[in-house]
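The opening residue of the sequence shown carries number 3 in this note's numbering; numbering runs sequentially from there. A virtual CB, placed ideally from N, CA and C, is assigned to each residue, including glycine. Structure first, commentary second.
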Amino acid sequence: MFIDRFTNFIRYEKRYSVHTLTAYSHEVQRYIGYLTEHEIDINKVTHRQARAYLAALLESGQRPVSINRSLSALRTYYKFLMREGTATHNPFALVKALKTPKKLPVVVDKKKLSALLDMDGVFPDTFEGLRDKAVIELLFGTGIRLSELLQIQEAHLDFYNNNVLIFGKRNKQRLVPLNRTLAALLQQYIKEKKEQCFNNISDNLIVTKEGKNAYPTLIYDIVTHYLGTISPQQKKSPHVLRHTFATALLDNGADLNAIKELLGHAGLAATQVYTHNSVERLKSIYKQAHPKA
3 MFIDRFTNFI
13 RYEKRYSVHT
23 LTAYSHEVQR
33 YIGYLTEHEI
43 DINKVTHRQA
53 RAYLAALLES
63 GQRPVSINRS
73 LSALRTYYKF
83 LMREGTATHN
93 PFALVKALKT
103 PKKLPVVVDK
113 KKLSALLDMD
123 GVFPDTFEGL
133 RDKAVIELLF
143 GTGIRLSELL
153 QIQEAHLDFY
163 NNNVLIFGKR
173 NKQRLVPLNR
183 TLAALLQQYI
193 KEKKEQCFNN
203 ISDNLIVTKE
213 GKNAYPTLIY
223 DIVTHYLGTI
233 SPQQKKSPHV
243 LRHTFATALL
253 DNGADLNAIK
263 ELLGHAGLAA
273 TQVYTHNSVE
283 RLKSIYKQAH
293 PKA
């Protein structure tokens, strides 16, 4: 019911990311299927029925974090229906989210990562090798999200001031500094990109070997491959590099508010999770170094 209009609503008015757009659409479609199966009118769902739906998801094996995503999606959907005049109330408005265990951000050893990026012969001496190195350096050197990386255009780079304009969640803009090594690498990459003489070359900074816009799976494959050479850990996503960036800054004395601005967090609470990693690191050092530990 109104799925296309709802999708346009969260895409153009709420300015949600593509990932959120896909997830919310899926959640709403699943909910509508449930109501159809149980012959429940979408405009007459009660608070109790809303809770029963989420309970059914939990019983089916869904994790609390997934249940909370469903809750968020359906709250937004009913707000949309009320705005359209097709619903008189939001049955999910007073439903409480489930408690989820807090997980420490997964990081990689920053010394090993730095050594990987500085080592000769790791990245092939080709356009793709140069692009792959630019991807890893950008994610680790700026802490940007995967979705933000894919939106960077060459025009967003300012090599005079050594910064890059980032479009974050809900299209919120921020400037992120580039270190000299990264700036030089990007200039080299852009030069090589132009020399490839692609047909209809994309304005986006990161492209495929055919010169088309890069896509999430490509970035995942690049990051997974190279992180796999220095770390046996299971999680090797682009977000791990974001976590590593933030933790490295914190370990070296950066102000928490400054890290918040660099990461594009709306509030300080999301940034504070990195302090736990630093505390754990200090505990580890203490246990190894103190005679009474």
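It is roughly 41 Å from the alpha-carbon of R182 to the alpha-carbon of T9. In this structure, L251 keeps its C-beta atom at 8 Å or more from the C-beta atom of T273. Around the C-beta of N202, fewer than 16 other C-beta atoms lie within 10 Å, and the residue is accordingly described as exposed. For H245, the number of other beta carbons within 10 angstroms of its own is at least 16, and it is reported as buried.
Excluding its 5 nearest sequence neighbours in each direction, L187 has C-beta neighbours in its own chain below 7 Å: K135, A136 and E139, listed in chain order.
By the Cβ neighbour-count rule, A260 is exposed, with fewer than 16 other Cβ atoms within 10 Å of its own. Here the alpha carbons of L265 and I146 stand approximately 6 Å from one another. H49 and K193 have their C-alpha atoms spaced approximately 59 Å apart.
One alpha carbon belongs to A256, the other to V166, and they sit about 20 Å apart.
Within the DSSP secondary-structure output, Q175 pairs in a beta bridge with F169. Within the stretch 16 to 70, the runs of alpha helix (DSSP H) that reach at least 4 residues and sit entirely inside it are, in chain order, 20 to 39 and 49 to 61. DSSP places S149 in the uninterrupted alpha helix (DSSP H) bounded by L148 to Q153. Per DSSP, reduced to three states, the secondary structure at L229 is helical. Pairing L151 with I221 gives a Cβ-Cβ distance under 8 Å. Distance check between K114 and each of T226, Q236 and I232 places I232 closest, using alpha-carbon atoms only.
If you draw a straight line from the Cα of Q155 to the Cα of Y14, it comes to about 20 Å.
In terms of CA proximity to K174, R17 leads the group I42, R17 and H28. As for any alpha helix (DSSP H) of minimum length 4 sitting wholly inside the stretch 208 to 273, the runs are 218 to 229, 240 to 253 and 258 to 265, ordered along the chain.
If you draw a 10 Å sphere on the C-beta of Y26, you find 16 or more other C-beta atoms in it, and that means buried. Nearest neighbour of V209 by Cα position, chosen from E41, L132, H278 and L229, turns out to be L132.
By the neighbour-count criterion, in which a residue is buried when 16 or more other Cβ atoms sit within 10 angstroms of its Cβ, P93 is buried. The beta-carbon distance between K214 and S204, rounded to whole angstroms, is 6 Å. This is short enough to meet the 8 Å contact definition.
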